[in-house]
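Visitor: Can you read through this structure? Questions will come right after.
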Amino acid sequence: MSQSSEFRFTFLSHDHNIDLSSAHLTAEDMGLPSDIAIECKLQTLRGGKQQGSKLITLTVGDKVLRVIPTRAMAILDASRGELRYGWDSPITEVVHPSFINQEASGGLGWLDGFNEMLVRCGYQWAGHPGEDNGDMLTLHGRIQNTPADEVVLTVEQFPPYRVTLSGRVDEKRFKFTNFEVHTELSLTPDEPYIHIQDTLTNLSNYDNTYQAIYHNNFGAPLLEEGASLHVAATQISPFNDYAVNGVHEWGQLSAPTENFDEMVFNVLPIADEEGMSHALMKNAAGDAAIEVSWAQNTLPVLTLWKNTDTIEQGYVVGIEPGTSFAYNRKHQWNLGLVPTIKGKASKVFKVRFGLLTDSESVDASVARIDALQLTPTLVSNNPLVAL
Amino acid sequence: MSQSSEFRFTFLSHDHNIDLSSAHLTAEDMGLPSDIAIECKLQTLRGGKQQGSKLITLTVGDKVLRVIPTRAMAILDASRGELRYGWDSPITEVVHPSFINQEASGGLGWLDGFNEMLVRCGYQWAGHPGEDNGDMLTLHGRIQNTPADEVVLTVEQFPPYRVTLSGRVDEKRFKFTNFEVHTELSLTPDEPYIHIQDTLTNLSNYDNTYQAIYHNNFGAPLLEEGASLHVAATQISPFNDYAVNGVHEWGQLSAPTENFDEMVFNVLPIADEEGMSHALMKNAAGDAAIEVSWAQNTLPVLTLWKNTDTIEQGYVVGIEPGTSFAYNRKHQWNLGLVPTIKGKASKVFKVRFGLLTDSESVDASVARIDALQLTPTLVSNNPLVAL
Amino acid sequence: MSQSSEFRFTFLSHDHNIDLSSAHLTAEDMGLPSDIAIECKLQTLRGGKQQGSKLITLTVGDKVLRVIPTRAMAILDASRGELRYGWDSPITEVVHPSFINQEASGGLGWLDGFNEMLVRCGYQWAGHPGEDNGDMLTLHGRIQNTPADEVVLTVEQFPPYRVTLSGRVDEKRFKFTNFEVHTELSLTPDEPYIHIQDTLTNLSNYDNTYQAIYHNNFGAPLLEEGASLHVAATQISPFNDYAVNGVHEWGQLSAPTENFDEMVFNVLPIADEEGMSHALMKNAAGDAAIEVSWAQNTLPVLTLWKNTDTIEQGYVVGIEPGTSFAYNRKHQWNLGLVPTIKGKASKVFKVRFGLLTDSESVDASVARIDALQLTPTLVSNNPLVAL
């Protein structure tokens, strides 16, 4: 029906003076055959610290994503068929950034809104709070508590009917930071994948340092006793002294465990021929998994965050590719993990989520990861950094 | 007319996707006989730092309350007949929390919005700002600058036609705090009382410490030269060295006094047979008073805050039952005033305001308080804490 | 047609319960002859950190101003005919104050929204961040990140058809600050001037200190290689050691220069017979200029801020009359530049912008400035303050 090859719909745009508080688009609205399972809704949340938060629910085939434009285009959660990917944080509200004070309690205010499946950390800095070279760095940087502009849905009008949701997020401070991030997520009805492609542009003509961590978080039902992690890696080491005790069991996941708190492992991953690294968490039965893949050229290291404490504390595992580990930036200069972005240059970050819901695809993914592991992973007992 | 025994109306609810910006409910709207003096209005405030603040004006009999859902269901002020209860703060706006930075100026940002009759302090901490065990605690905690959700009016359809206004306020920080507060205020047309019943629930399965101070504030016309305070207490002591000079006149109130600033007294109150403690401030003529009563089991101590400086500075007296005194938390561990709330447990705080507008009821209240004072109050010259 | 001598229109008023999200007033709407070039639009901005920002576009004769009620009535930019006055900050959004955390990064969060032609700094303090007498002062004070109330347009119904836009901004902290600022800008179709008249009132009955800097910023096309600054001054000195190198060329302006960063000069200006001081920046051809004039009684000193770095960094010059220089307040007590405002007293600040767009008026202004310079300016090599 449509003469255009692409349907385009703008939810929010300063430039075009568009700001929808609710919307509902069916496949037919998008010019697609009505039997194509693509649908998109926008709603504005109300009450408590959700007041003014926007939520986009995007259905593409058997996958449903919930995306938060007001929180830098984070993915709140995803599902494929019956299986939900994401986690249950004690933070149940989709907190609007105007209620977050990242400076609170020594830089921990970021934790007041932390509950998504995909959380971006960065881009001027990421990692734990604290002072570095006279800069007070708050936990995981500023981007996640920044609302997006230019929130646009595009849908290809021909198979495989790729659906793309994009938004622009600015991270700017006069004289210090002049970053613009073009975020993009895309998926098709038939594939199990969500593709993230973010482009960080340094609009300044001066070089600047940057950091990025894609804090991807997955809880139950995937996470359970007997679930396991699979990564091809040259080295895995404990983040701190506490994690030393668990480093040799880094791949084994436990039932919710009182007083476990969190164990964090630093991973040096191996990439495949296309430059992609992969990590997978599968359930105990091995018939469902999340496969996280990423382009290693800009995200060279991986943090595994085992937060398998009680359900109430937020029973969750993080699979977090990054430019850097989760240490405060001051510890990462020596590790070579504070990269530079040239003036006027861009960096592209690619992350792909495979929502695997049958044994065959889980086994195949594990096999591909195993095939990359030509020599055994060096499992170190020593943290890279003495905290 | 109504077949239900209770009228229920929701002003704000994330769960039910309700967010009214204005409303007006008459007794008839509530299914009541039209001669019952019950009425409720909601308005959204605009301009300056009031932008987005909500205000509920609730008329019940001869009492009118103004309640602020966007500030944790605070009571801005109340009146009974001609008499207004509350005070005139130099802060005249009902400040929306998104304009408050509690970390400002060493943790004093809370003061930018302080103007209500009933202000909740807590619940992770309360008291003066400063560091305790590495935590930077801002003045009087976070709850007051948190907007409520699930703001609901219920009205019983039979005498005494109890009217209840409730709201839920979350105070959460991943890994640190997982508190939910169900606030409730209720009153009837015929009684002079406003009943507050707040339930703090620790949703974590871990124990946590907490603090609460009900910072109830009353100015003119009740407060005037010759007005007086009445409390049954085992001990009254000065908060600090400055208050030593006024501790023996703790019950006497002055006209607005330049350079008085504030004198604060720490009180160990006596409870009645039902476990309620009482404090009263009456005017000079003794024909009007505020009676504050509270359940001592969860609010064991009382702070009296005499801020009888000039009108412009906010001429006001605080009658503040709490788990704790107004010191920074670091000073209260040794006093045993940093209680613990068990994982999954709840604490209920009950405070009752008696709006007394005739000599008989004032005298009767004073007599009840006096009757609790079996032995003289020990008036100490020594602050409990050396600041 | 109108029987009143003044047209009055309220865009925002708590007291009158008015909050327009858009408006468009023509000359006829204002009761003026339709050939009078006066027009006013209000819009609400959306997307990113602009969400909720208001912008008023005011056309008066050949001048167009854009004013931001949500940022203390700042002037975003102005134009006269083809010539735009203002600058291109890397901050492109009109950032809503709810997204600004002034405490961020040691008090630098103000920089996240800095992009206007007229930025008010103050009024409890202004200048660089840092601690003074135990107070943590954030960069340039709080007023600019405070939304206005009582935003009112008035238009005289007779020649010269003076148009006035006013707003009230509160800066209040219980026990510390009780300031109210009545801002007013006015202009007529025929004159090249924008008149600013701000009245700061100390509502407290106690004296307080205050500071104000009118951070007026101008970039290209006026600013260019060969542009120059003209001020009648008794003394000009470098702000810091870096500025020593440029102090003798204080009046000469460069093309955008990599790594120039900023040079700041402290100026003691000379006033004319009417108590007005004047500074002018003209373009290389001398046929366009901005003339900044101010009442010296309340704004005794002038800061010249040469930020002639690259375009991308924000190529801009500040002409900033103030009570004080840009140092942290702790350095200004000894300079006598921390004035006192008496309890219940007001201070009036007058600033006038001359938008000069032809050689004659530029030359005339330079001549008036030169005529004030009876003896040579003392150009000092020594900063007033050792930083």
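Protein chains in written order, with the UniProt record's numbering: chain E, 1 to 387; chain Z, 1 to 387; chain R, 1 to 387. We put the beta carbon where it would ideally sit given N, CA and C, even for glycine. For clarity, every value in this text was computed on a predicted model and none was experimentally measured.
Roughly how many whole angstroms lie between the Cα atoms of T375 of chain Z and T234 of chain Z?
Guide: Working through the second sequence from its first residue, we reach residue 375 of chain Z at position 375. Working through the second sequence from its first residue, we reach residue 234 of chain Z at position 234. Between T375 of chain Z and T234 of chain Z, the C-alpha separation is close to 8 Å.
Visitor: In the DSSP output, which residue or residues are listed as bridge partners for K175 of chain Z?
Guide: To locate residue 175 of chain Z, count along the second sequence from 1; it is residue 175. Bridge partners of K175 of chain Z: none, in fact.
Visitor: Alpha carbon to alpha carbon, how far is N145 of chain Z from S365 of chain E?
Guide: Locating residue 145 of chain Z in the second sequence gives position 145, counting from the first residue. Locating residue 365 of chain E in the first sequence gives position 365, counting from the first residue. Roughly 48 Å between the two C-alpha positions.
Visitor: For S380 of chain Z, name the three-state secondary structure that DSSP assigns.
Guide: Stepping through the second sequence from its first residue, residue 380 of chain Z is reached at position 380. Of the three classes helix, strand and coil, the one that applies to S380 of chain Z here is coil, per DSSP.
Visitor: Report buried or exposed for H278 of chain E, applying the criterion of at least 16 other Cβ atoms within 10 angstroms of its Cβ.
Guide: Numbered from its first residue, the first sequence carries residue 278 of chain E at position 278. When all chains shown are included, H278 of chain E counts as buried.
Visitor: Determine whether the Cβ of Q144 of chain Z lies closer than 8 Å to any Cβ atom of chain R.
Guide: Translated into the one-based positions of the second sequence, residue 144 of chain Z becomes position 144. Chain R contact via Cβ: absent.
Visitor: For V379 of chain E and H248 of chain E, what's the separation of their Cα atoms in angstroms?
Guide: If you number the first sequence from 1, residue 379 of chain E lands on position 379. If you number the first sequence from 1, residue 248 of chain E lands on position 248. Roughly 7 Å separates the two Cα atoms.
Visitor: For E171 of chain R, does the count of other Cβ atoms within 10 angstroms reach 16, so buried, or fall short, so exposed?
Guide: Looking up residue 171 of chain R in the third sequence gives position 171. Burial call: buried.
Visitor: Excluding sequence positions up to five away, which residues of its chain have a Cβ less than 7 Å from the Cβ of D190 of chain E?
Guide: Taking the first sequence and counting its residues from 1, the one referred to as residue 190 of chain E is at position 190. Closer than 7 Å at Cβ, skipping near neighbours: G61, P160.
Visitor: Rounding to the nearest angstrom, what Cα-Cα distance links P321 of chain Z and N240 of chain Z in this structure?
Guide: As a first step, residue 321 of chain Z is located in the second sequence; it is residue number 321 there, counting from the start. As a first step, residue 240 of chain Z is located in the second sequence; it is residue number 240 there, counting from the start. Cα-Cα distance, rounded: 18 Å.
Visitor: Between the segment 216-223 of chain Z and the segment 260-270 of chain Z, can you find at least three pairs of beta-carbon atoms closer than 8 Å?
Guide: Output reads no: the segment 216-223 of chain Z does not touch the segment 260-270 of chain Z.
Visitor: Is the segment 13-23 of chain E touching the segment 40-55 of chain R in the sense that three or more CB pairs, one from each, lie closer than 8 Å?
Guide: Contact between the segment 40-55 of chain R and the segment 13-23 of chain E is present, because at least three Cβ pairs lie under 8 Å.
Visitor: Going by DSSP, what residue range makes up the beta strand (DSSP E) through D135 of chain R?
Guide: Your numbering for residue 135 of chain R matches position 135 in the third sequence. 135-137 is the extent of the beta strand (DSSP E) around D135 of chain R.
Visitor: Using a beta-carbon distance cut-off of less than 7 Å, what residues from the segment 71-99 of chain R approach chain E?
Guide: The segment 71-99 of chain R vs chain E, Cβ under 7 Å: S89, P90, I91, E93, S98, F99.
Visitor: What whole-angstrom Cβ distance do L387 of chain E and V317 of chain E have, given they're in contact under 8 Å?
Guide: Locating residue 387 of chain E in the first sequence gives position 387, counting from the first residue. Locating residue 317 of chain E in the first sequence gives position 317, counting from the first residue. With 8 Å as the limit, L387 of chain E and V317 of chain E do not qualify as a contact, their Cβ atoms being about 22 Å apart.
Visitor: Expressed to the nearest angstrom, what Euclidean distance is found between the alpha-carbon atoms of N297 of chain R and W110 of chain R?
Guide: Locating residue 297 of chain R in the third sequence gives position 297, counting from the first residue. Locating residue 110 of chain R in the third sequence gives position 110, counting from the first residue. One C-alpha to the other measures close to 28 Å.
Visitor: So the alpha helix (DSSP H) D241 of chain R belongs to, where does it begin and stop?
Guide: Translated into the one-based positions of the third sequence, residue 241 of chain R becomes position 241. First-last of the alpha helix (DSSP H) with D241 of chain R: 241-244.
Visitor: If you drop the 5 nearest sequence neighbours on each side, which residues of the same chain put their C-beta closer than 8 Å to that of V301 of chain E?
Guide: Along the first sequence, read from residue 1 onward, the residue named residue 301 of chain E stands at position 301. Excluding positions up to five away in sequence, the list reads N266, V267, L268, P269, P321, G322, T323, S324, F325, L337.
Visitor: So, are the CB atoms of L200 of chain Z and K330 of chain Z less than 8 Å apart?
Guide: Indexing the second sequence from 1 puts residue 200 of chain Z at position 200. Indexing the second sequence from 1 puts residue 330 of chain Z at position 330. The answer is no: Cβ separation not under 8 Å.
Visitor: Of all the CB atoms in chain R, is at least one closer than 8 Å to the CB of N208 of chain E?
Guide: Here residue 208 of chain E corresponds to residue number 208 of the first sequence, with the count starting at 1. Not an interface residue.
Visitor: Alpha carbons only, please: which of R:N101, R:Q313, R:L153, R:E156 is nearest the one belonging to N202 of chain E?
Guide: What you label residue 202 of chain E is simply residue 202 of the first sequence in a count that begins at 1. Cα-wise, what sits closest to N202 of chain E is R:Q313.
Visitor: For V64 of chain R, name the three-state secondary structure that DSSP assigns.
Guide: As a first step, residue 64 of chain R must be located in the third sequence, where it is residue number 64. DSSP places V64 of chain R in strand when its eight states are reduced to three.
Visitor: So which residues on chain Z does S105 of chain E lean against when the C-beta distance must stay under 7 Å?
Guide: If you number the first sequence from 1, residue 105 of chain E lands on position 105. Result: D135, M136.
Visitor: Using 10 angstroms around the beta-carbon of N381 of chain E, count the other beta-carbons present and answer buried if the total reaches 16, otherwise exposed.
Guide: Numbered from its first residue, the first sequence carries residue 381 of chain E at position 381. Exposed is the call here.
Visitor: From the DSSP output, in three-state form, read off T323 of chain E for me.
Guide: Translated into the one-based positions of the first sequence, residue 323 of chain E becomes position 323. In this structure, T323 of chain E counts as coil in the three-state DSSP scheme.
Visitor: My guess is that Y85 of chain E and L355 of chain E are in contact by the Cβ rule of under 8 Å, so how many angstroms apart are they, rounded?
Guide: Numbered from its first residue, the first sequence carries residue 85 of chain E at position 85. Numbered from its first residue, the first sequence carries residue 355 of chain E at position 355. Indeed they touch by this definition, with Cβ atoms about 6 Å apart.
Visitor: Mind listing the chain Z neighbours of T310 of chain E? Cutoff is C-beta to C-beta under 7 Å, in chain order.
Guide: Start at 1 with the first residue of the first sequence, and residue 310 of chain E comes out as number 310. Within chain Z, the residues near T310 of chain E are N205.
Visitor: Across which residues does DSSP place V155 of chain Z in a beta bridge pair?
Guide: Within the second sequence, residue 155 of chain Z is the residue found at index 155, counting from 1. Answer is Z:F7, Z:V163.
Visitor: Taking buried to mean at least 16 other C-beta atoms within 10 Å of its own C-beta, is G81 of chain R buried or exposed?
Guide: For the purposes of this step, residue 81 of chain R is taken as residue 81 along the third sequence, with counting starting at 1. It is exposed - the Cβ of G81 of chain R has fewer than 16 other Cβ atoms within 10 Å.
Visitor: Near A367 of chain E, what residues of its chain come up, given a Cβ to Cβ distance below 7 Å and the 5 sequence neighbours on each side ignored?
Guide: Within the first sequence, residue 367 of chain E is the residue found at index 367, counting from 1. Result list for A367 of chain E: empty, nothing under 7 Å.
Visitor: So which residues on chain Z does K49 of chain E lean against when the C-beta distance must stay under 8 Å?
Guide: Counted from its first residue, the first sequence places residue 49 of chain E at position 49. Residues of chain Z passing the Cβ test: T146, P147, D170.
Visitor: Can a CB atom of chain E be found closer than 8 Å to the CB of S380 of chain Z?
Guide: Counting from 1 along the second sequence, the entry for residue 380 of chain Z is found at position 380. No - not a single Cβ of chain E is within 8 Å of the one on S380 of chain Z.
Visitor: Going by other Cβ atoms of all chains shown within 10 Å of its Cβ, with 16 needed for buried, is N178 of chain E buried or exposed?
Guide: Working through the first sequence from its first residue, we reach residue 178 of chain E at position 178. Buried: at least 16 other Cβ atoms inside 10 Å.
Visitor: Going by DSSP in three states, K342 of chain R sits in which element: helix, strand or coil?
Guide: Within the third sequence, numbered from 1, the residue matching residue 342 of chain R stands at position 342. In the structure shown, K342 of chain R sits in coil (DSSP, three-state: anything other than H, G, I, E or B).
Visitor: Would you please verify whether the beta carbon of D112 of chain R is less than 8 Å from any beta carbon of chain Z?
Guide: Start at 1 with the first residue of the third sequence, and residue 112 of chain R comes out as number 112. With 8 Å as the cut-off, D112 of chain R does not count as an interface residue toward chain Z.
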